[in-house]
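Undergrad: When the letters of the sequence shown are read in order and numbered with full-length UniProt numbering, they come out as residues 1 to 381. First, the structure itself, so that you have it in front of you.
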Amino acid sequence: MKLLVVVTQYPSKDDLYRSGFVHSRVKKYLEVGLEVEVYVYNNSFNMSSSYNFEGVDVTCVNAIELKNKIIKNDYDIILVHFAWKKVTNIILENKNKNMNVIIWVHGVEALSWHRRLFNLTFDLYSILSFSNYIIKNTNQMLFYRNLIRNHLKNKVHFVFVSNWMKNVTEQDTNCIGEIKNYSIIPNPINTSVFKYDRKTKEKRLKIFNLRPYSTKKYANDITIEVIKQLSNKEYFRNLEFNLYGKGRLFNKLTKKVKKYDNVNIHKGFYKQKEIKKLHDENGVILIPTRQDAQGVSMCEAICSGLVPISSNNTAIPEFIDSSYGYICDTIEDYIDAIEEIYYNPEVFLTKSRNTVKLSKRLGREQVEKKELDLILSHISD
Numbered sequence: 001m002k003l004l005v006v007v008t009q010y011p012s013k014d015d016l017y018r019s020g021f022v023h024s025r026v027k028k029y030l031e032v033g034l035e036v037e038v039y040v041y042n043n044s045f046n047m048s049s050s051y052n053f054e055g056v057d058v059t060c061v062n063a064i065e066l067k068n069k070i071i072k073n074d075y076d077i078i079l080v081h082f083a084w085k086k087v088t089n090i091i092l093e094n095k096n097k098n099m100n101v102i103i104w105v106h107g108v109e110a111l112s113w114h115r116r117l118f119n120l121t122f123d124l125y126s127i128l129s130f131s132n133y134i135i136k137n138t139n140q141m142l143f144y145r146n147l148i149r150n151h152l153k154n155k156v157h158f159v160f161v162s163n164w165m166k167n168v169t170e171q172d173t174n175c176i177g178e179i180k181n182y183s184i185i186p187n188p189i190n191t192s193v194f195k196y197d198r199k200t201k202e203k204r205l206k207i208f209n210l211r212p213y214s215t216k217k218y219a220n221d222i223t224i225e226v227i228k229q230l231s232n233k234e235y236f237r238n239l240e241f242n243l244y245g246k247g248r249l250f251n252k253l254t255k256k257v258k259k260y261d262n263v264n265i266h267k268g269f270y271k272q273k274e275i276k277k278l279h280d281e282n283g284v285i286l287i288p289t290r291q292d293a294q295g296v297s298m299c300e301a302i303c304s305g306l307v308p309i310s311s312n313n314t315a316i317p318e319f320i321d322s323s324y325g326y327i328c329d330t331i332e333d334y335i336d337a338i339e340e341i342y343y344n345p346e347v348f349l350t351k352s353r354n355t356v357k358l359s360k361r362l363g364r365e366q367v368e369k370k371e372l373d374l375i376l377s378h379i380s381d
């Protein structure tokens with residue numbers, strides 16, 4: 001059985017982390033004996049080129065080359081991550097009409113611009129950039145509406161990582177209730193790396209945060225405000241905050257808490273094994289968000305045994321329940337959560353032990369089986 005995987009970016013020796021979640025899936029397909037070709041589409045490519053990354057053959061193609069590949073029809077199913085208009089139209093317009101296509105919806109390609117208003121600031125550059133984004137996004141959303149309304153005819157099956165992602169895709173395309181062929185399958189967590197680490201009660205005092213500081217989506221300003229307000233509490237000096245990350249907002253935000261001796265600030269990005277080591281050194285992850293279809297980095301920390309304190313919005317309530325974490329609406333809610341953990345070490349230990357519930361649900365073996373079953377059922381369809 002032969003699979004064609006079509007993406008717009010893929011890891012290489014020069015960029016190890018681009019769409020690594022796709023690469024881990026492809027390696028699993030190869031591991032179980034499926035034949036896989038990976039095509040990276042970018043119409044700026046003048047001619048095709050190929051490379052091998054960790055045993056995976058990858059071909060970079062433009063529109064003409066991708067069209068020719070689709071017309072050849074020498075595979076059993078097409079798998080698409082990030083269904084952008086141009087690349088998806090090439091696939092749907094040129095594939096065999098009986099060929100099944102599975103599309104993974106990740107978020108950025110299927111959400112309306114109004115859900116990113118938090119990134120808008122009132123300076124000329126931001127206004128012009130956001131205006132350009134609105135135009136491009138409106139065009140993409142019109143395409144997605146058409147994609148949804150014709151998905152049965154085109155033999156398309158959608159995969160969403162959360163119910164929230166599916167629901168807002170329907171809302172933002174004005175297609176409520178119209179997606180019939182779909183599955184809810186969260187992104188898998190590599191629990192062989194992010195495995196449960198038993199915590200001691202002392203670890204409840206060590207509060208961890210690892211985030212990009214590239215946009216307001218990651219709500220790093222909320223993390224900073226929580227720390228500032230906690231500084232007025234009598235127990236504040238007994239806590240330790242370990243902040244990690246990088247991005248254009250990093251210096252601007254972290255300088256507001258540099259004066260506190262118990263706030264450790266580390267600028268940089270980290271590999272999985274390095275992140276796991278940081279997980280094991282801490283007991284709580286303070287990780288607010290303004291928008292997450294799942295929150296993979298949060299889920300990795302939970303699987304490591306950290307007690308999560310996050311936001312009551314978007315898909316977060318689907319991945320945190322009260323038996324092992326906290327979801328918050330206000331700054332006061334975050335402070336109350338930390339205070340409960342501080343004064344009740346047994347509550348912390350119980351919640352940390354209960355994080356294994358998420359590991360059992362999101363472990364790579366369980367999730368990959370669901371995806372493979374889905375793919376194989378559509379090959380034989």
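C-beta atoms are modelled at their ideal positions from N, C-alpha and C, and glycine is treated no differently. All values derive from a computational prediction rather than experimental measurement.
For residue 114, list the residues DSSP reports as bridge partners.
TA: BP columns for residue 114 are empty, so no partner.
Undergrad: Check the Cβ-Cβ distances between residue 303 and every residue of chain D, and say whether any is below 8 Å.
TA: This model lacks chain D altogether; it includes just one protein chain.
Undergrad: If you compare alpha carbons, which of 35, 172, 186 is closest to residue 142?
TA: It is 172.
Undergrad: Return the Cβ separation of residue 159 and residue 104 in integer angstroms, given the expectation that the two are a contact with Cβ distance under 8 Å.
TA: With a Cβ gap of about 5 Å, residue 159 and residue 104 count as contacting.
Undergrad: To the nearest whole angstrom, what separates the beta carbons of residue 100 and residue 136, a pair I think is in contact under 8 Å?
TA: Actually they are not in contact, since the Cβ atoms of residue 100 and residue 136 sit about 29 Å apart, beyond 8 Å.
Undergrad: Quick check on residue 132: buried or exposed, where buried means 16 or more other Cβ atoms within 10 Å of its Cβ?
TA: Answer is exposed; the Cβ neighbour count stays below 16.
Undergrad: Quick check on the burial criterion: 16 or more other C-beta atoms within 10 angstroms. Buried or exposed for residue 13?
TA: Residue 13 is exposed by the Cβ-count criterion.
Undergrad: What residue range is occupied by the uninterrupted alpha helix (DSSP H) comprising residue 211?
TA: Per DSSP, residue 211 belongs to no alpha helix (DSSP H); it is in the beta strand (DSSP E), 206 to 212.
Undergrad: With DSSP as the reference, label residue 130 as helix, strand or coil.
TA: Looking at residue 130 - three-state DSSP - the assignment turns out to be helix.
Undergrad: Out of 56, 328, 364, which has the shortest C-alpha to C-alpha gap to residue 219?
TA: Answer by Cα proximity: 328.
Undergrad: Below 8 Å on the Cβ atoms is my guess for residue 181 versus residue 157; work out the distance and round it to an integer in Å.
TA: Between residue 157 and residue 181 the Cβ distance is about 4 Å, and since that is below 8 Å, they are a contact.
Undergrad: Would the beta-carbon of residue 203 fall within 8 Å of that of residue 282?
TA: Going by C-beta atoms, residue 203 is nearer than 8 Å to residue 282.
Undergrad: From residue 49 to residue 96, what does the alpha carbon distance come to, in whole angstroms?
TA: Roughly 25 Å separates the two Cα atoms.
Undergrad: Which residue wins for smallest C-alpha separation from residue 15, given the options 53, 235, 369?
TA: Comparing Cα positions, the closest option is 53.
Undergrad: Over the uninterrupted alpha helix (DSSP H) stretch that includes residue 250, give me the two end residues.
TA: First-last of the alpha helix (DSSP H) with residue 250: 250 to 254.
Undergrad: Determine, using beta carbons only, whether residue 276 and residue 208 come nearer to each other than 8 Å.
TA: Contact flag unset, no.
Undergrad: Compare the Cα-Cα distances from residue 382 to each of 189, 352, 345 and report the closest residue.
TA: This structure cannot settle anything about residue 382, because the visible part of the chain is limited to 1 through 381.
Undergrad: What would DSSP say about residue 59, mapped onto helix, strand or coil?
TA: Residue state, collapsed to three classes: strand.
Undergrad: By the 10 Å Cβ neighbour count, where 16 or more other Cβ atoms means buried, how is residue 69 classified, buried or exposed?
TA: Buried.
Undergrad: Classify residue 104 as helix, strand or coil using the three-state DSSP reduction.
TA: Note: residue 104 maps to strand in three-state DSSP.
Undergrad: When you compare only the Cα positions, how much space is there between residue 296 and residue 44?
TA: Going from the Cα of residue 296 to the Cα of residue 44 covers about 31 Å.
Undergrad: What residue does the beta strand (DSSP E) around residue 285 start on, and which one ends it?
TA: Run containing residue 285: 284 to 286, per the beta strand (DSSP E) assignment.
Undergrad: Whose C-alpha, out of 285, 34, 272, 268, is nearest the C-alpha of residue 226?
TA: For the residues 285, 34, 272, 268, the minimum Cα distance to residue 226 belongs to 285.
Undergrad: Within 10 angstroms of its Cβ, does residue 419 collect 16 or more other Cβ (buried), or is it exposed?
TA: Coverage of the chain is limited to positions 1 through 381, which leaves residue 419 absent and any answer about it impossible.
Undergrad: Quick check on the burial criterion: 16 or more other C-beta atoms within 10 angstroms. Buried or exposed for residue 152?
TA: Burial call: exposed.
Undergrad: By a C-beta neighbour count over all protein chains shown, 10 Å radius and 16 as the cutoff for buried, is residue 199 buried or exposed?
TA: Counting Cβ neighbours within 10 Å, residue 199 comes out buried, since at least 16 surround it.
Undergrad: Return yes when the Cβ of residue 267 is within less than 8 Å of the Cβ of residue 240, no when it is not.
TA: Result no, Cβ atoms of residue 240 and residue 267 do not sit closer than 8 Å.
Undergrad: Among the candidates 197, 78, 71, whose CA atom is the shortest distance from the CA of residue 2?
TA: For the residues 197, 78, 71, the minimum Cα distance to residue 2 belongs to 78.
Undergrad: On a CA-only basis, which of 74, 41, 67 is nearest residue 448? Give me that one, please.
TA: The structure shown does not extend to residue 448, since the chain spans only 1 to 381, so no value can be given for it.
Undergrad: DSSP beta-bridge partners for residue 376?
TA: DSSP output for residue 376 lists no bridge partner at all.
Undergrad: Just to confirm before moving on: does the CB-CB distance between residue 162 and residue 315 stay below 8 Å?
TA: Contact: yes.
Undergrad: Residue 140 and residue 170 - do their beta-carbons sit closer together than 8 Å?
TA: For residue 170 and residue 140, no; Cβs fall outside 8 Å.
Undergrad: Excluding the five sequence neighbours on either side, which residues of its own chain have a C-beta within less than 8 Å of the C-beta of residue 273, listed in chain order?
TA: Cβ within range, chain order: 193.
Undergrad: DSSP three-state label for residue 77, please.
TA: Reduced to three states, the DSSP call for residue 77 is strand.
Undergrad: Which stretch, first to last residue, makes up the alpha helix (DSSP H) that contains residue 342?
TA: It spans 331 to 343 - the alpha helix (DSSP H) in which residue 342 sits, taken as one unbroken run.
Undergrad: Can you tell me whether DSSP reads residue 51 as helix, strand or coil?
TA: Residue 51: strand per DSSP, three-state reduction.
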